[in-house]
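Colleague: Numbering (our numbering), first residue to last: 542 to 1023.
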Amino acid sequence: MVSRVLDRKINENCGVFGIYAPGKKIAEIIFYGLQALQHRGQESAGIAVSDGENILIFKDLGLVSQVFNEQNIAPLQGHIGIGHTRYSTTGMNIWKNSQPLYRMFKNESFAIAHNGNLTNVKEIRNEQIKKGVNFETTTDTEVIASLIESSEKENIEDAIKETTGKIKGSYSLVILTKDKVFGIRDPHGFRPLVLGSLDGSYVIASETCALDIIDAKFVREIDPGEIIVLDKDGMRSQMMLPVDRISMCVFELIYFARPDSYIHNKNMFEVRHRLGQELAKQYPVDADIVISVPDSGTPAAIGYSAESKIPYAEGFIKNRYIGRTFIQPKQETREISVKLKLNPLKDIIQGKKLVVVDDSIVRGTTSKKIVKMLYNAGAKEVHMRITCPPLIYPCYYGVDMATKKEFIANHKTLEDIREFLKVDSLKYLTMDGLVKAVGESKEKFCFACFNGEYPVQIPKNIESDKYSIDKEEKVSSNAWKK
Ligand code: SF4
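In structure tokens form, the structure reads like this:
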């Protein structure tokens, strides 16, 4: 299994892509789209295409560039297709959990790829098992696929619509049939999903950066609760479910989405720049330079610098070529994990009072190592500034953060955290500052990991459920290896 020891403290969810474009080299377009969405998931990648009759899928563990090559892309011929990059928020990182998944509805094949997490997955899974459904994976995606598969509706479009009425939680989906692509966003709009156009054809993608890379034009965001269908007649849209409360994940704006992507017509770099400006307004400090924890803290550090007039400097060099490691961490090698990624620039840091801007603190262990590196490099003072409020509550909508107990802010006061990190000062952006920087009504977003106000009800035993699924999967995964 690929180790996550070198991962960032918060892990992305998944990226999805779909296109209907006769006359184009579909698999190549999807490949480039997935490369642009690589930041959303690095554990596996897959492409499914249809030529109007048959669906072909190729997928494997690894980065998009590791999974695909000229030989395995060449047979993926067709004019319509979907793609996926995966980070396993539920289900382990094993081949059978990679997407798109291939399933049958009556005599018609379909492929499905999902970004998000369902909150009623266990309930549906158990019901389906009672009805005799055999699950090959423990992914939410297979649960959605099983509902489509077992629907008694006349056609697959109705089966998909019926399924959306049964699933709860977060889902941005792309589904491929032999002659259609469906793009579906849950009624809360937790995860982004956008519509683009390419020479008269249509494209669906998790983020606008995936449209840019293929020279597609941004048309609009797919609305929460909307289903888009791409086929020979072009694009049609339908609202499938009533929207009672839009709850876009605010962490997409703080950290997940690529800085060159747009959400709600706002550029993510600009939003993060404003987060830094707000931090500087709320928590000024006497310092020599502002540095970031790269890359995610950089736009906000530049914003802090612009507002405070303290010069911005590169404080770390990031090693971008580590990728995943197959070496399982031992206690003595854990220490090296941050050093492998970041190396401080001693000449810049030595003797300086630093403002260090980062996007979040989860367990605090990574931040502590970063601070230690800065002091070892000769920093005189370290003032840490975080571009969001303290993370206290786990995410059940598709983001892998930590359990409640693991969040440092859940069991330590601000002063305790400051002492633990051994910094001269520590400040988190307030909720008001966050909302101001985002520049939209607070009501449109999910802030549950900060305030515990979950927009979609969480089953009481969800943490133990998650544990039992993982445990179950470990057993089946080992069996599978044999
Ligand atoms: S709980 Fe946090 S990470 Fe999860 S969807 Fe809500 S804002 Fe995003």
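A virtual CB, placed ideally from N, CA and C, is assigned to each residue, including glycine.
#1: To the nearest angstrom, how far is the alpha carbon of Ser778 from that of Tyr628?
#2: What does DSSP give as the partner residue(s) for His924 in the beta ladder?
#3: From Gly593 to Val722, what distance separates their C-alpha atoms?
#4: When DSSP labels each residue in this structure, what does Gly673 get in the three-state scheme?
#5: Of all the options Asp900, Phe572, Leu895, Cys936, which has the alpha carbon lying nearest to the alpha carbon of Ala918?
#6: Using a Cβ-based criterion (distance less than 7 Å to any ligand heavy atom), does Cys555 qualify as near ligand 1?
#7: According to DSSP, simplified to helix, strand and coil, what is Gln779?
#8: State the Cα-Cα distance for the pair Asp720 and Ala989, rounded to the nearest angstrom.
#9: Quick one: is Ala615 buried, meaning 16 or more other Cβ sit within 10 Å of its Cβ, or exposed?
#10: Per the DSSP calculation, Asn884 is bridged to which residue(s)?
#11: Should Gln576 be labelled buried (16 or more other beta-carbon atoms within 10 Å of its own) or exposed?
#12: Following a CB-centred definition, is Val940 positioned closer than 7 Å to any heavy atom of ligand 1?
#13: Please report the distance separating the alpha-carbon of Lys566 from that of Thr749.
#14: I'd like the list of long-range same chain contacts for Ser859, defined as Cβ closer than 7 Å, with 5 residues on each side in sequence excluded.
#15: Measure the alpha-carbon distance for Ala757 versus Asp957 and round it to whole angstroms.
#16: Counting Cβ pairs, one atom from each stretch, are 3 or more of them under 8 Å apart for the segment 763-770 and the segment 778-790?
#17: Apart from the five residues on each side of it in sequence, which residues of its chain come closer than 8 Å, Cβ to Cβ, to Leu642?
#18: Throw me the rounded Cβ distance for the Ser842 and Ser849 pair, which I believe falls under 8 Å.
#19: Excluding the 5 residues preceding and the 5 following Pro563 in the sequence, name in chain order all residues of the same chain whose CB lies nearer than 6 Å to its CB.
#20: Kindly indicate the opening and closing residues of the alpha helix (DSSP H) around Ser849.
Modeller: Taking the coordinates as given:
#1: 29 Å
#2: Val896, Ser966
#3: 11 Å
#4: coil
#5: Leu895
#6: no
#7: strand
#8: 39 Å
#9: exposed
#10: Ile858
#11: buried
#12: yes
#13: 20 Å
#14: It should be noted that the sequence gives Lys, not Ser, for residue 859. Once the five neighbours on either side are set aside, the close Cβ partners of Lys859 are Pro835, Asp836, Lys882, Leu883.
#15: 49 Å
#16: yes
#17: Ala652, Ile653, Ala654, Thr678, Thr680, Thr682, Glu683, Ala686
#18: It is worth fixing the name first, because residue 842 is Ala in this sequence and not Ser. Their Cβ separation, rounded to whole angstroms, is 10 Å, which puts Ala842 and Ser849 out of contact at 8 Å.
#19: His620
#20: 839-849
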